[in-house]
Amino acid sequence: MSRFFTTGSDSESESSVSGDELVPKAPGGNYGKPLLLSEDEEDTKRVVRSAKDKRFEELTNLIKTIRNAMKIRDVTRCLEEFELLGRAFGKAKSVVDKEGVPRFYLRILADLEDYLNELWEDKEGKKKMNKNNAKALSTLRQKIRKYNRDFETHIAAYRQNPEQSDEDEEKKSRDSEASGSSSSGEDEEDDDGVASFLKKKEEPRSRFLKGGEEEEEEESEEEEDWGSSGSGTDSESDEEEGKFTSLASKFLKKDEEKKGGERKREEKAKKKHDRKSRRLEEEEEDDGEWEKVKGGVPLVKEKPKMFAKGTEITHGVVVKKLNEILQARGKKGTDRAAQIELLQLLVAIANENGLGVALEVKIKFNIIASLYDYNPNLATYMKPEMWQKCLGCIEELLDVLFAHPEIFIGENILEESENLSNPEQPYRVRGCILTLVERMDEEFTKIMQNTDPHSQEYVEHLKDEGRVCSIIGRLQKYLQEKGTTEELCRVFLRRVLHTYYKFDYGARRRGAGDPQVWGGEGDDEDEEEDSAALMERLCKFIYAKDRTDRIRTCAILCHIYHHALHSRWYAARDLMLMSHLQDNIQHADPPVQILYNRTMVQLGICAFREGLIKDAHNALLDIQSSGRAKELLGQGLLLRSLQERNPEQEKVEKRRQVPFHMHVNLELLECVYLVAAMLLEIPYMAAHEFDARRRMISKQFHHQLRVGERQPLLGPPESMREHVVAASKAMKMGDWRSCHRFVVNEKMNGKVWDLFPEADKVRAMLVRKIQEESLRTYLFTYSSVYDSISMEILAAMFELDLPTVHSIISKMIINEELMASLDQPTATVMMHRTEPTAQQNLALQLAEKLGTLMENNERVLDHKQGSFGGYFRDQKDGYRKGDGGYLRRGGYRQERGGNY
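Those letters in the sequence shown? Residues 263 to 1162, by the numbering used here.
Written out as structure tokens, the structure is:
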């Protein structure tokens, strides 16, 4: 603002600096008319600032920008602002030489260096950086290390004592906190309180109360010290104007004032130290009534006022408040935990004022939905405290619905047609309890997927399955009375999905005649009903009533799995064949395909337990031959080198994984498959040893045999695969005892056979199959050596009874696998020497290969159709000569001009 000063005394000039209008003196000594100024010029006050304030403010603004860039990981912006900061510090060198390097400048140098080192060590974060940020990171890291060498001693001193933060920043933050509180009316305070409670704030540094009187003393002293700083108020400046002879002298601090400020700070630090030592002495003298808690007691955040004082709590007011809280749902910056807390407070207020059960049900629906929304990311799972709270809320809601059957809930009810307050008509509430329970079941699966299966935490989470099944059972009972057919099919499927993979030990004990049977938690209806009857009842209802193919498909697969798990092979096989799922399962969604693969695997293991080796091999062939059993069963992801997944695909596939307690043992599965392949492949190989067109029954089994043959030094088998390979070699020689020792021993029992429910029965079946197939292999291998052989000798050799040996040999003769005849009076097998010798077999193989080669050459010539002179087939004359060449029967050589 322009000001006109007179040429009078200093007092006159000083008085003229006030905010009033200034009048210039006329040349004649008389004052003329006053000079009219605009309103803007009148309100503007001239502020004179020192060079220190200007330079330091410039530095703090740049530091603030750098910190904001650090928060959003914008390294490029950090580099630009750091260069500007260095230039600004160079301009402030004269001030720094007088005052010393400011502490806030040292802090940003230390923090920036630590921040860059942390980014540099975070390899995953560096991979996700864009090209500009990565380039800026290496540049800025080198620059900051080089720049900080000039401030090594200052930064080291700061790192030793970082608690002594800059006083100016603390004062500014304290001042901003104090200026943030403003008074308003009760009604406005109500709405603003809820909105501010729902808004997320950055967590301030935790401050703790050390004691009432001491806290007040510290605050008062800090205020005094704040007031004694160089920046004064306008009123103070007006009072002190008369003390200074010039404006410049007013804004310059004297040395005495500097010394006084330093003295005050020293006294304050000393008082603070004395207070701490006094408090520690009092605590030591104390009798032990009070226990010192590290960190003190945090300040409790005051809950917002839901309703203003004197407000009449009615249905309309509560519903309005509920809608107001729900409007913040999903918005950015909403504190979800505060939203849940407000809804629970609203339920309590509604219950205190007796607003009815329907309103309570409506609010509880929204509480459960808010608990599900607490994690906005689908891939993340609920925290344990939120999960327990969710289970409790659903149980409370079911209690209310069972206690008040007059309440009608449905997702098709519009909010306008809800009846929450009129008891004369049936209560109507919008909501779907089935959807909430289904989401709860999905959250339970996610919790199990994301927990380490080998930890105690997994066991603790697994205990919650009892509560989950109990909730589903109660919901089933509720929907059987009030639900639709579609809802019943959905809840029945949830019940089936929690039952199909569990072995019913109670049913087995009842079958064995044990009166003390095991019983799980459940309804009175299900305590006497074993899992087989329960699955039969639930699945048959779904087969009859379901209109969606997916639910019926899942129910059929679960039913087959349960049959196979309990060794009901023929029921499981017939249900699989009648369903015709093999024809179109490739069009189903991935979770259903995983369930189909699990069912086929369980079906194969069931066939193996029942001694049906060929059926077991056929059921397991598709899964095991792919080499991706782990992935196809939803039990983990394979590292694909050729086909890389993007992060989104990996997240989707991880959500499809089956929880660990539902896994099928992959080593058991592979062992069952390899043993079944051995029992089929070894006799077949012995029967077709010289057959050139012999096909492989199991490629994976042949691969294991080749791996075993390639080993230069054969030692005792260690792994499961090596045991099967060693057993196969023994069976090939007809040595069933060695084969049995390799397949059934302590190591294999611990890894595989003891995992079956009836392990002894499986081992007995396995021994019998090894004896029978070894007998067949022996006859195929050594039939050319014998003229006749006694069946009694064979029975003794393989420890089989005579009827079994007679049956096996008869089947081989009928199927033309063995060229022999039975002499019944002497119980002897008479061999017919119709099998070719080894030399004849080699000649036959050569003839077959030559025939194959000839057919291939003829096929090539037919394809060419005589396009380049030579011989081609003529239907009438056989072969006829082309242009320039001849055909020689013994080499199929075609000559043209000397070229072959």
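The C-beta atom is built at its ideal place from N, Cα and C for all residues, glycine as well.
The structure displayed is predicted, hence computed values, not measured ones.
Check                                                                                                                                                                  : Outcome
Hey, would you say Thr761 sits closer than 7 Å to Ser717, going by beta carbons?                                                                                       : no
Where Gln886 and Arg1038 are concerned, what is the direct C-alpha to C-alpha distance, given to the nearest angstrom?                                                 : 26 Å
Return the chain-ordered list of same chain residues with a C-beta closer than 6 Å to the C-beta of Phe1130, the five sequence neighbours on each side being excluded. : Low confidence applies here, because Phe1130 scores a pLDDT of 46, under 50, leaving its location unreliable and the question unanswered by this model.
State the DSSP-derived secondary structure class of Asp726, mapped to helix, strand or coil.                                                                           : coil
Measure the alpha-carbon distance for Ala665 versus Val619 and round it to whole angstroms.                                                                            : 10 Å
Measuring CB atoms only, is the stretch 748-762 touching the stretch 800-809, in the sense that at least three cross pairs come out at less than 8 Å?                  : yes
Since Ile671 sits in a beta bridge, which residues does DSSP pair it with?                                                                                             : Val691
Who are the near neighbours of Glu386 in its chain, counting only those whose CB is closer than 6 Å to its CB and skipping five residues on each side?                 : none
Quick one: Cα of Arg972 to Cα of Pro852, how far?                                                                                                                      : 39 Å
Pick helix, strand or coil for Leu759, following the three-state DSSP scheme.                                                                                          : helix
Assign Leu371 to one of three DSSP states: helix, strand, or coil.                                                                                                     : helix
Sort Glu910, Phe963, Asn613 by Cα distance to Tyr935 and report the nearest one.                                                                                       : Phe963
Within 10 angstroms of its Cβ, does Ala1109 collect 16 or more other Cβ (buried), or is it exposed?                                                                    : exposed
Alpha carbon to alpha carbon, how far is Ile695 from Pro909?                                                                                                           : 34 Å
Kindly give me the distance between the Cβ atoms of Gln864 and Ala891, rounded to whole angstroms, as I take these residues to be in contact under 8 Å.                : That belief does not hold up - the Cβ atoms of Gln864 and Ala891 are roughly 13 Å apart, past 8 Å.
Whole angstroms is fine: what's the gap from Val758's alpha carbon to Met797's?                                                                                        : 7 Å
I need the straight-line Cα distance from Asn379 to Arg403, nearest angstrom please.                                                                                   : 8 Å
Identify the residues that DSSP records as bridge partners of Met1093: which are they?                                                                                 : Ala1082
Go ahead and pull the three-state DSSP assignment for Ile1051.                                                                                                         : strand
Just checking, does the stretch 730-745 make contact with the stretch 919-933 on the three C-beta pairs under 8 Å criterion?                                           : no
Starting from Tyr420 and walking both ways along the alpha helix (DSSP H), at which residues does that stretch end?                                                    : 414-422
Considering only residues of the same chain and omitting the five flanking positions on each side of Glu450, which have a CB-CB separation below 7 Å?                  : Only weak support exists for where Glu450 lies, its pLDDT of 48 falling under 50; the value from the coordinates is given anyway. Hits under 7 Å: none found.
Counting only the same chain and skipping the five closest in sequence on each side, list residues whose C-beta sits under 8 Å from that of Glu705.                    : Tyr634, Tyr643, Met644, Trp649, Cys652
Which value, in whole angstroms, describes the spacing of the CA atoms of Gly578 and Leu741?                                                                           : 30 Å
Name the residue from Tyr636, Glu680, Leu608, Leu605 whose alpha carbon lies nearest to the alpha carbon of Lys594.                                                    : Tyr636
Any idea what DSSP makes of Thr573, helix, strand or coil?                                                                                                             : coil
Of the residues Ser990, Ile417, Ala354, Lys393, which one's Cα is nearest the Cα of Ile370?                                                                            : Ile417
Alpha carbon to alpha carbon, how far is Glu984 from Pro974? Give it in angstroms, no decimals.                                                                        : 14 Å
Classify Arg814: buried if its beta carbon has 16 or more other beta carbons within 10 angstroms, exposed otherwise.                                                   : buried
Among the candidates Thr415, Ile671, Thr810, whose CA atom is the shortest distance from the CA of Arg690?                                                             : Ile671
CB-CB under 6 Å to Lys994, same chain, minus the five flanking residues each way: which ones, in chain order?                                                          : Ile944
Of all the options Gly970, His723, Asn330, which has the alpha carbon lying nearest to the alpha carbon of His923?                                                     : His723
Is it buried or exposed for Leu839, if we count other Cβ within 10 angstroms and need 16 for buried?                                                                   : exposed
Between the alpha carbons of Phe765 and Ala1021, how many angstroms are there, rounded?                                                                                : 15 Å
For the alpha helix (DSSP H) that Thr1088 lies in, which residues bound it at each end?                                                                                : From DSSP, Thr1088 is part of no alpha helix (DSSP H); its letter is neither H nor E.
How big is the Cα-Cα spacing for Tyr832 and Ala1026?                                                                                                                   : 21 Å
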